[in-house]
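Under our numbering, the very last position in the sequence shown is 734; numbers go up by exactly one each time.
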Amino acid sequence: EEKWDFVLVSNIHEMGSEKEIKRKKFLDELSKKGFTIKKIEDTKLFYGVRAPQHVFRKYQCLLGKPDRRLQSQSSPQDIPVTTRIRIVHFILHNTVTPDFEKLQDLIKKNVFEAAFPLHEKEEVRDFLKEKWARWRGVFSQQPIEKIRCYFGEKVALYFAWLGWYTCLLGFAALAGVLTFVAGITLFSSSQVSREICEANTTIMCPLCDKCPFWVLSDTCTYAKVTHMIDNEATVIFAMFMAIWATVFLELWKRQRAKVVTNWELYGWDEEEEELAMQLINNLQHEPRLYQHSYFRSTIVLLLVLLMIVVLIGIAHALVIYRVIATALFSQSSLGLLHEQADTMAVMTGAVLHYLTIVIMTKINRRVALFLCDLEKPRTFSQRENNFTMKIFTFQFFTNFSSLIYIAFFLGRINGHPGHYVRIAGRWRLEECHPSGCITDLFIQMAIIMTLKQTISNVMEYFIPWISHKLRKKHKRPKKRNMMLGEEEEAEDPCKRQWLSNYELNEVNIFSLFNEFLEMTIQYSFTTIFVAAFPLAPLLAFINNLFEIHLDAIKMMRLYRRMVPRKANDIGIWLQVLEAIGILAVIGNGLVIAITSDFIPVQVYKYMYSHCVRENHTDMDCSTGYINHSLSIFHIRNFEPDTLPDFNGDEIEECRYRDYRNADDYTYTVQFWHIFAARLAFLILFEHVALCVKLIAAWYIPDVPQKVKNHLLHRKHTDLHKELSMMEYSTEV
Numbered sequence: 003e004e005k006w007d008f009v010l011v012s013n014i015h016e017m018g019s020e021k022e023i024k025r026k027k028f029l030d031e032l033s034k035k036g037f038t039i040k041k042i043e044d045t046k047l048f049y050g051v052r053a054p055q056h057v058f059r060k061y062q063c064l065l066g067k068p069d070r071r072l073q074s075q076s077s078p079q080d081i082p083v084t085t086r087i088r089i090v091h092f093i094l095h096n097t098v099t100p101d102f103e104k105l106q107d108l109i110k111k112n113v114f115e116a117a118f119p120l121h122e123k124e125e126v127r128d129f130l131k132e133k134w135a136r137w138r139g140v141f142s143q144q145p146i147e148k149i150r151c152y153f154g155e156k157v158a159l160y161f162a163w164l165g166w167y168t169c170l171l172g173f174a175a176l177a178g179v180l181t182f183v184a185g186i187t188l189f190s191s192s193q194v195s196r197e198i199c200e201a202n203t204t205i206m207c208p209l210c211d212k213c214p215f216w217v218l219s220d221t222c223t224y225a226k227v228t229h230m231i232d233n234e235a236t237v238i239f240a241m242f243m244a245i246w247a248t249v250f251l252e253l254w255k256r257q258r259a260k261v262v263t264n265w266e267l268y269g270w271d272e273e274e275e276e277l278a279m280q281l282i283n284n285l286q287h288e289p290r291l292y293q294h295s296y297f298r299s300t301i302v303l304l305l306v307l308l309m310i311v312v313l314i315g316i317a318h319a320l321v322i323y324r325v326i327a328t329a330l331f332s333q334s335s336l337g338l339l340h341e342q343a344d345t346m347a348v349m350t351g352a353v354l355h356y357l358t359i360v361i362m363t364k365i366n367r368r369v370a371l372f373l374c375d376l377e378k379p380r381t382f383s384q385r386e387n388n389f390t391m392k393i394f395t396f397q398f399f400t401n402f403s404s405l406i407y408i409a410f411f412l413g414r415i416n417g418h419p420g421h422y423v424r425i426a427g428r429w430r431l432e433e434c435h436p437s438g439c440i441t442d443l444f445i446q447m448a449i450i451m452t453l454k455q456t457i458s459n460v461m462e463y464f465i466p467w468i469s470h471k472l473r474k475k476h477k478r479p480k481k482r483n484m485m486l487g488e489e490e491e492a493e494d495p496c497k498r499q500w501l502s503n504y505e506l507n508e509v510n511i512f513s514l515f516n517e518f519l520e521m522t523i524q525y526s527f528t529t530i531f532v533a534a535f536p537l538a539p540l541l542a543f544i545n546n547l548f549e550i551h552l553d554a555i556k557m558m559r560l561y562r563r564m565v566p567r568k569a570n571d572i573g574i575w576l577q578v579l580e581a582i583g584i585l586a587v588i589g590n591g592l593v594i595a596i597t598s599d600f601i602p603v604q605v606y607k608y609m610y611s612h613c614v615r616e617n618h619t620d621m622d623c624s625t626g627y628i629n630h631s632l633s634i635f636h637i638r639n640f641e642p643d644t645l646p647d648f649n650g651d652e653i654e655e656c657r658y659r660d661y662r663n664a665d666d667y668t669y670t671v672q673f674w675h676i677f678a679a680r681l682a683f684l685i686l687f688e689h690v691a692l693c694v695k696l697i698a699a700w701y702i703p704d705v706p707q708k709v710k711n712h713l714l715h716r717k718h719t720d721l722h723k724e725l726s727m728m729e730y731s732t733e734v
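As structure tokens, then:
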């Protein structure tokens, strides 16, 4: 069977047309370089391309046979298939026609439609299709070495990292479940929620203009749910997750060192490899020098900041939606909408937030690509790194701006009765429930993570599956009816293989990038606000068990073969993950200090409760907290035309969540005590967590001693061999 490195696909153009001439010029340039080209005509023109052996001998000569471990698995003389494809892909995309056009330019001008390597009948491919790219292999170990032999090191490292991340997520998921179960045991026993349930005489101020007064005990269930999430176990879990994030990355660095050392790529130099391939393609090539433009960098920075402002503006639009939705739901004639206006506004706002994430992901990609073009990076790797940082920044603000508002601003910038902050002078900003805002954050995160890990994954699989079926149906020509006595023409054995590969979905340079981005955003959800949603690691763990094999099935069965890329780490993604680890410490510290009621309850217990005055008591020290945390507002001081119809003789004052004096509505001493305690806790939590992270990073070496000793022994052997050969040649 003939082996071909790449296949080029073109429409059938008229003889003598501009596109036909451009195609011929490009193929002539390949022929001058010694490439073998085979043409097959069907509904399209297919050109099989095979590089001459001297190209690969030059590569081995320049880089000292870096693929000798892979060679031993095929034959000693042959270069690995992954390396062949990588070299041919590089030459194809850097071959210049007499019109100074490259393959990418010709594809844009529809001279060529596609260029791809082939999924060929190989033992490795058959093994991966049967053992790895199947749903029944969900709990089986990944064949990383086989993945490397077929897809190259970069894809293999992605799956090695994803498998390692999923494995350690199991421990975080277990801790999260234990935290959640501990909260369930407090569902009805929490003193704070019990007080809310018994407060059937506490009249609360209206939640919106013209809305009725309400009784605090009406929100009994909501209070129980809040204290199921917001308890002492949450603080311990947040600290655990800060340490977990560090340990995970440190252990991954060790695992990565073992893997790449086994591949003999520990000291591999990407820049050297790219220069080698440039010289193999064109001996007259001059390297592009490093350059930096402060003017261009300033423009890019300003545009990035402008984009971030736009994303924050979208988050503000979601806030406005929630405010208006709350007001409309409160006036609804439907009982459920009227009674649960706040919760319904939060839930519908979360769904709307998910839709904005889906839409803005596409816009963010285009903006990030445009900014990368402005920067004019020197190499593809530099372009990829620049793009990664920009798209992650945009995606972070897209995903988390609304969550940041709920966690740290909701209920804190809305003013107070008689002096509310209003949008456009009309709609009041939302308020927190008397038991805190953490349930709003819990609901928002639960809905977004559930939608992202169900709808997004279903679409991720079924869209390429349907696309592949449609391409297969439309592109496969119908068999011609045979006439009497006519002999069937023998079909070229390559034709069926090339057609079946062409019918698969197209891959691009972002195919693997998208998977990394999806996982880093998930990692952000799993760590940054995990104090408010302890089940996040469990959802991520279940998702990843299927994600690994979903990606495998897509790569093996639904998409064309990805161009293998050499790598010895996961690149700039490691820096992104380390940045997320630091943000996780800050985010969880802020959630406990600001969003949670943990600090106000502790301040009340140790400064204002009856336990401070009495040494021996059987009562819970948090008894009386709810009454202490609610301020009094006199009905007569409400803004005109904002109150509903009510009996003024029966209701003279109402309560609201804040620490203000009843006469002039200024902050009380308790407010400043709690403010100081929040600040002290935040500083203490973050310093302790960061110190523990630093100690963990120091305690766990990035490179195992076994790997260091292996590298030391190899250096010693190579130097000893060179010295022995030099002495032998001197004696001769």
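Ideal Cβ positions, reconstructed from N, Cα and C, are used throughout, including at glycine. None of the values given here were measured: they were computed from a predicted structure.
Note: Trp575 is not bridge-paired with any residue in the DSSP secondary-structure output. A Cβ-Cβ separation of about 24 Å leaves Ala347 out of contact with Thr363 under the 8 Å criterion. Counting C-beta atoms within 10 angstroms of its own C-beta, His355 has 16 or more neighbours from the protein chains shown and is therefore classed as buried.
By the neighbour-count criterion, in which 16 or more other beta carbons inside 10 Å mark a residue as buried, Leu501 falls on the buried side. Of all alpha-carbon atoms in Lys41, Phe600 and Asn13, the one lying nearest the alpha-carbon of Pro495 is that of Lys41. Per the C-alpha coordinates, the member of Tyr701, Val126 and Tyr407 positioned closest to Ala319 is Tyr407. Where Lys40 is concerned, the enclosing beta strand (DSSP E) starts and stops at Thr38 to Glu43. The Cβ atoms of Ile676 and Glu197 lie no closer than 9 Å to each other. According to DSSP, residue pairing for Met206 in a beta bridge involves Trp216 and Arg657.
Separation of the CB atoms of Ile574 and Thr390 is rounded to 5 Å, and the pair is thereby assigned contact status at 8 Å. With respect to the 9 Å criterion, His121 and Arg563 are classified as neighbours on the basis of their beta carbons.
Going by DSSP, Leu10 is part of the beta strand (DSSP E) stretching over Phe8 to Ser12. In its own chain, leaving out the 5 sequence neighbours on each side, no residue places its CB closer than 8 Å to the CB of Leu336.
Trp270 sits away from Leu170, with the two beta carbons spaced by 9 Å or more. In the DSSP assignment, Leu330 falls within the unbroken alpha helix (DSSP H) covering Tyr296 to Ser332.
Contact between Asn507 and Val9 is absent: CB atoms are separated by about 15 Å, not below the 8 Å threshold.
In this structure, Val369 is the residue among Val369, Glu276 and Ala158 with its C-alpha nearest to the C-alpha of Leu308.
When secondary structure is reduced to three states using DSSP, Ser726 falls in the helix class.
Judged by DSSP in its simplified three-state form, Phe527 adopts helix.
Within the same chain, and ignoring the five residues on either side of Lys497 in sequence, the residues whose Cβ sits closer than 8 Å to its Cβ are Ile42, Asp44 and Phe48. Val671 and Leu645 have their C-alpha atoms spaced approximately 30 Å apart. It is roughly 34 Å from the alpha-carbon of Gly417 to the alpha-carbon of Ile523. DSSP assignment within the segment 130–161 yields the following whole alpha helix (DSSP H) runs of 4 residues or more, N-terminal first: 146–153. Ranked by Cα distance from Phe600, the first of Ser192, Lys111 and Asp101 is Ser192.
Around the Cβ of Thr719, a 10 Å sphere holds fewer than 16 other Cβ atoms; the residue is exposed.
Ala534 places its beta carbon less than 9 Å from that of Val593. In the three-state reduction of the DSSP assignment, Asn507 falls in the strand class, which pools E and B. Three or more beta-carbon pairs separated by less than 8 Å are not found between the segment 398–407 and the segment 418–429, which leaves the two stretches without contact.
With a cut-off of 8 Å on Cβ pairs, the segment 153–172 is not in contact with the segment 221–240, counting fewer than three such pairs.
For Ile697, the three-state secondary structure derived from DSSP is helix.
In the three-state DSSP reduction, Leu64 falls in the helix class (H, G or I).
In this chain, Gly351 is not harboured by any beta strand (DSSP E); it is covered by the alpha helix (DSSP H) spanning Ala343 to Glu377. Rounded to the nearest whole angstrom, the C-alpha separation of Cys656 and Ala538 is 38 Å. The residue among Glu520, Ile468, Arg136 and Phe515 with its C-alpha nearest the C-alpha of Gln455 is Glu520. Scanning the segment 525–561 for uninterrupted alpha helix (DSSP H) segments of 4 residues or longer gives 538–555, listed from N- to C-terminal end.
Straight-line spacing of the CA atoms in Cys623 and Ser611 works out to 6 Å.
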